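Student: Going down the list, the sequences are from chains E and W.
Everything in the first sequence is counted per the working numbering, starting at 1 for the first residue and increasing by one.
Everything in the second sequence is counted per the working numbering, starting at 1001 for the first residue and increasing by one.
The C-beta atom is built at its ideal place from N, Cα and C for all residues, glycine as well.
Being a predicted model, the structure only gives us computed values, none of them experimental.
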Amino acid sequence: MAETYPINIWINEERFKALEDAGLARLLKEELAGMKVLIVPCTAAQRDKILKLFPTAKYDEATTKSIELLPKAVKDQIYNLVVQRKSLEVMDEFIKQQKG
Amino acid sequence: MEYIGHGGKPLVERVTADKSEAKKKIEGLTKMPASRQMATEVIGIAYGFFSPIEGFMTKADVDATCKKMELADGTVWSIPIVFDISDKEIADYGIKEGGSVLLTYDGNPMAIFDVEEIYTYDKEEIAEKVYGTKEDKHPGVKRTYAYKEKFLGGKITLVNEPKIRDPYKPYFLTPRQHREKFKEKNWIKIVAHQTRNVPHSGHEWLMKHAYIAAHGDSPVEQMESMGKAISGVLVNCIVGEKRAGDYIDEAIVLTQDELRKSKYFRDDIHMVTMTFWDMRYAGPREAVHHSIIRTNLGLTHHMFGRDHAGVGTYYHSYQAHHLLMSIPKEKLSITPIYVLEWAYCPHCGEVTCIGLCGHWDELQKFSGTKIRSIIMDEVKPTRLIFRPEVFDVVMDSAKKYGFGSPFVTQEYLEKAKPAFSIEPL
C-alpha cells in the first residue's frame, strides 16, 4: 500500500450525526478513549500542495505522521466533501477547488 | 539570607530595588535600547535564574560553553547567554571595554551594563556545538544566525524591576521568592515540571509519576494529611518568544493552575510559576539549562520526559536523559527523574505508563500535536484525555487573550501585550 500522509478530522456529535445519516460512520476510527476521527488520506504530492496552500499547517513527521494544525474552516470543507461524495478520496477535488 | 544556587555558588541577585539609589547610579550613562530578547535575558541574569552568571557572557565563557558545556571556571553550562550588537551601534553609543551603558526597554531605564569585552564568535560554531546542526530551519540556529556581528560581555545590574501584567502577575516569582514560598509550604522535596504546554492527562500523569518518585523515600503520613505535604510539584511554565501554532502563554499558565483549582492535585502539593525564557529547542543541552534554572529556584528534583525541549527530528526521544546521565552528580545539584510516556490503553480502560502496560498493540499515544488538532477542530476531548475544566479555561483564554484562538496567530504576535514592561523609574 502506498504511503499516505493523512489529515485527521475530529468528530463532534453534530459531525457524527451527519456521517451516520450518510451511512459513513463505518469510516470513523476510535482514538484516545473513545474520540472519533475521520482519517482522510493524502499522497505526498497532495500533502505538499496542502502545506503550500495553508502555511500554518504542518506535517508532523516526529509523532503523528499526519498533516496537522489545519484551520477548522478548512477541515470543515474537507469533511463536507467527504459527506457529499461518500468517499475519503476527495483531496484532489478539494485542492482543485482552492485553486479555482 | 544567602541562598546557594547552581555550581554551589551563592544565588546571584543584581538588583537595585531602591529607586533613588538607582537614579543616582544611572546618572550620566549613555542610554542604549535593549531588544525584547535581551531584556528577557537581563531579567534571567539579574534575579539569579541563571546563577552563577552575573552578566552577559564573555568570549571565554561562550567558548567553554560551546566546546566543553561549562563556563570558563568549570561550572556546568550548556547554552550561551550573549548580548549581540552591530558595529554601528557600538559606534553610535560609544561602547568601549571598561565602560558602562544604561539599557533601556519601553524607552525607560532598565539595567546598567558594565561592558568588559567586545568580541566576535563564529555563529556556525555555536549552532553546531549547542544545537548539533547548522540548519537554519532549527529555531535555535535561526536565532543564532540572526545575532548581529559582535557580542558584548559584562555584568548586569537591574535598576528598574519589570512590571508583570495580568494574568501572569501572581505566577512570577524570583528565585529568592520561590525559595521563601517553599519554606512557607514546608516543602523539602520539590520536583519541577518544565512546560510550554496546556496539560492533557498524559502530562498530568507525568507529574504524578515524578511526584511519587521524588517523594518515594519520605514518610507517607505527611502525604496522607491534607495541608501537611512535605513534597511538591512545581509547574514552571516557560514564558517567552512564541511561534505560530504554539499555545498562547496565558492559556498555558492558567490551565496548569486549573489542575490544582479543580483538585486534580491537592492545594498543598501543586504550585504553578513561570520563568521568562525564550525556548531555544536545544533538546539535550536545553534540558541541562532547565536543570540549572530549577536548581536556582531551589528545587531538588526535575522531571524529564520524552523529547525534552526538542524540535522536529533533531534529537532522539531520550537524548536529553543520556546527556544528563553523563554529567557527574556533584556537578548538577538537582536529581533528574526520567519518565517514560503515559498513554491511553483501551484494554485497561485507563491512562497508563507505556513501560508498565503489556497491551502495546492497543496503546493510544498522546501527542501534543494531536491534542492541538482536536482543540482546533473545537471538539471537546473525553475527560480521560483532557480535563473538562482545563478545556473550558483554554477556550476562555482564547477569547480573553488570544483574539479567539488558543494558539499563537499572526494577530497574536502583532497585538498581544508583552508579559512584562518597564515603567518610568
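Please decide whether Ile11 (chain E) counts as near chain B, where near means a Cβ-Cβ distance under 8 Å.
Tutor: Of the chains in the structure shown, none is chain B; the protein chains are E and W.
Student: Please state whether DSSP places Met1 (chain E) in a helix, a strand or coil.
Tutor: Because the pLDDT of Met1 (chain E) is 45, which lies under 50, any placement of that residue in the model is unreliable, and the number read from its coordinates should be weighed accordingly. It is coil, neither helix nor strand.
Student: Please list, in chain order, the residues of the segment 37 to 57 of chain E that have any C-beta partner in chain W closer than 7 Å.
Tutor: Thr56
Student: Quick one: which residues of the segment 1240 to 1258 of chain W get their C-beta closer than 7 Å to a C-beta of chain E? List them in chain order.
Tutor: Ala1244 and Gly1245
Student: Classify Cys1066 (chain W) as helix, strand or coil using the three-state DSSP reduction.
Tutor: helix
Student: Using three-state DSSP, classify Ala8 (chain E) as helix, strand or coil.
Tutor: Note that residue 8 (chain E) corresponds to Asn in the displayed sequence, not to Ala. Looking at Asn8 (chain E) - three-state DSSP - the assignment turns out to be strand.
Student: Which residues in chain W have a C-beta closer than 8 Å to the C-beta of Met35 (chain E)? List them in chain order.
Tutor: Ile1374, Val1379, Pro1381, Thr1382 and Ile1385
Student: Assign Asp1307 (chain W) to one of two classes, buried (16 or more other C-beta atoms within 10 Å of its C-beta) or exposed (fewer than that).
Tutor: buried
Student: Whose CA, out of W:Ile1385, W:Asn1160 and W:Met1395, lies closest to the CA of Ala33 (chain E)?
Tutor: Closest option to Ala33 (chain E), Cα to Cα, is W:Ile1385.
Student: Should Asn8 (chain E) be flagged as near chain W, meaning a C-beta pair shorter than 8 Å?
Tutor: yes
Student: Cβ closer than 7 Å: which chain W residues qualify as neighbours of Lys75 (chain E)?
Tutor: Asp1377
Student: Does DSSP classify Tyr1093 (chain W) as helix, strand or coil?
Tutor: Coil at Tyr1093 (chain W), not helix or strand.
Student: Is Pro1284 (chain W) buried or exposed, if buried means 16 or more other CB atoms sit within 10 Å of its CB?
Tutor: buried
Student: Comparing the C-beta of Gln1177 (chain W) with each C-beta of chain E, is any distance below 8 Å?
Tutor: no
Student: Under a three-way DSSP split, which group does Ser1231 (chain W) fall into?
Tutor: strand
Student: Just to confirm my understanding: we take Lys36 (chain E), look at its own chain, exclude 5 residues before and 5 after, and list those with CB closer than 8 Å. What are they?
Tutor: Trp10, Ile11, Phe16, Leu28, Lys29 and Glu30.
Student: In the DSSP assignment, find the beta strand (DSSP E) that holds Met1032 (chain W) and state where it starts and stops.
Tutor: Thr1030 to Pro1033
Student: Going straight from the alpha carbon of Asp1361 (chain W) to that of His1322 (chain W), what length do you get?
Tutor: CA-CA distance, Asp1361 (chain W) to His1322 (chain W), rounds to 27 Å.
Student: Checking contacts by CB at 8 Å: is Leu69 (chain E) closer than that to chain W?
Tutor: At least one chain W Cβ lies under 8 Å of Leu69 (chain E).
Student: Compare the C-beta of Glu89 (chain E) with all C-beta atoms of chain W and state if any pair is closer than 8 Å.
Tutor: no
Student: Compare the C-alpha of Asp1063 (chain W) against each of W:Phe1265, W:Ile1081, W:His1200 and W:Val1393 and name the closest.
Tutor: W:Ile1081
Student: Using the Cα positions of Asp1392 (chain W) and Gln98 (chain E), report the straight-line distance between them to the nearest angstrom.
Tutor: 33 Å
Student: Give me, in chain order, the residues of the same chain whose beta-carbon lies closer than 7 Å to that of Tyr1247 (chain W); leave out the 5 immediate sequence neighbours on both sides.
Tutor: Asn1197, Val1198, Pro1406 and Phe1407
Student: Going by C-alpha distance, which of W:Gly1140, W:Phe1420, W:Pro1418 and W:Gly1402 is nearest Tyr1412 (chain W)?
Tutor: W:Gly1402
Student: Which residue marks the beginning of the alpha helix (DSSP H) containing Asn1108 (chain W), and which one marks its end?
Tutor: Unbroken run through Asn1108 (chain W) is the beta strand (DSSP E), Asn1108 to Tyr1119; no alpha helix (DSSP H).
Student: To the nearest angstrom, how far is the alpha carbon of Val1159 (chain W) from that of Ser1231 (chain W)?
Tutor: 35 Å
Student: Within 8 Å (strictly less), CB to CB, does Glu31 (chain E) reach chain W?
Tutor: yes
Student: Report the rounded CA-to-CA distance for Lys1399 (chain W) versus Gly1028 (chain W), giving the unit in angstroms.
Tutor: 46 Å
Student: Rounded to the nearest angstrom, how far is the Cβ of Leu1103 (chain W) from that of Met1057 (chain W), given a contact under 8 Å?
Tutor: The pair is not a contact, with the Cβ atoms about 16 Å apart (cut-off 8 Å).
Student: Would the beta-carbon of Pro6 (chain E) fall within 8 Å of that of Ile95 (chain E)?
Tutor: Not a contact, by the Cβ cut-off of 8 Å.
Student: Using a beta-carbon distance below 8 Å, is Glu61 (chain E) in contact with chain W?
Tutor: yes
Student: Can you pull the chain E neighbours of Thr1369 (chain W), defined as C-beta to C-beta under 7 Å?
Tutor: Under the 7 Å cutoff, chain E gives Asp60, Thr63, Thr64 and Glu68.
Student: Tell me Asn1236 (chain W)'s beta-bridge partners as DSSP assigns them.
Tutor: According to DSSP, Asn1236 (chain W) bridges with W:Gln1194 and W:Thr1273.
Student: Taking only beta-carbon atoms, is Lys96 (chain E) less than 8 Å away from chain W?
Tutor: no
Student: Distance check for Asn8 (chain E) and Ile39 (chain E), CA to CA, integer angstroms please.
Tutor: 5 Å
Student: Assign Asn1108 (chain W) to one of two classes, buried (16 or more other C-beta atoms within 10 Å of its C-beta) or exposed (fewer than that).
Tutor: exposed
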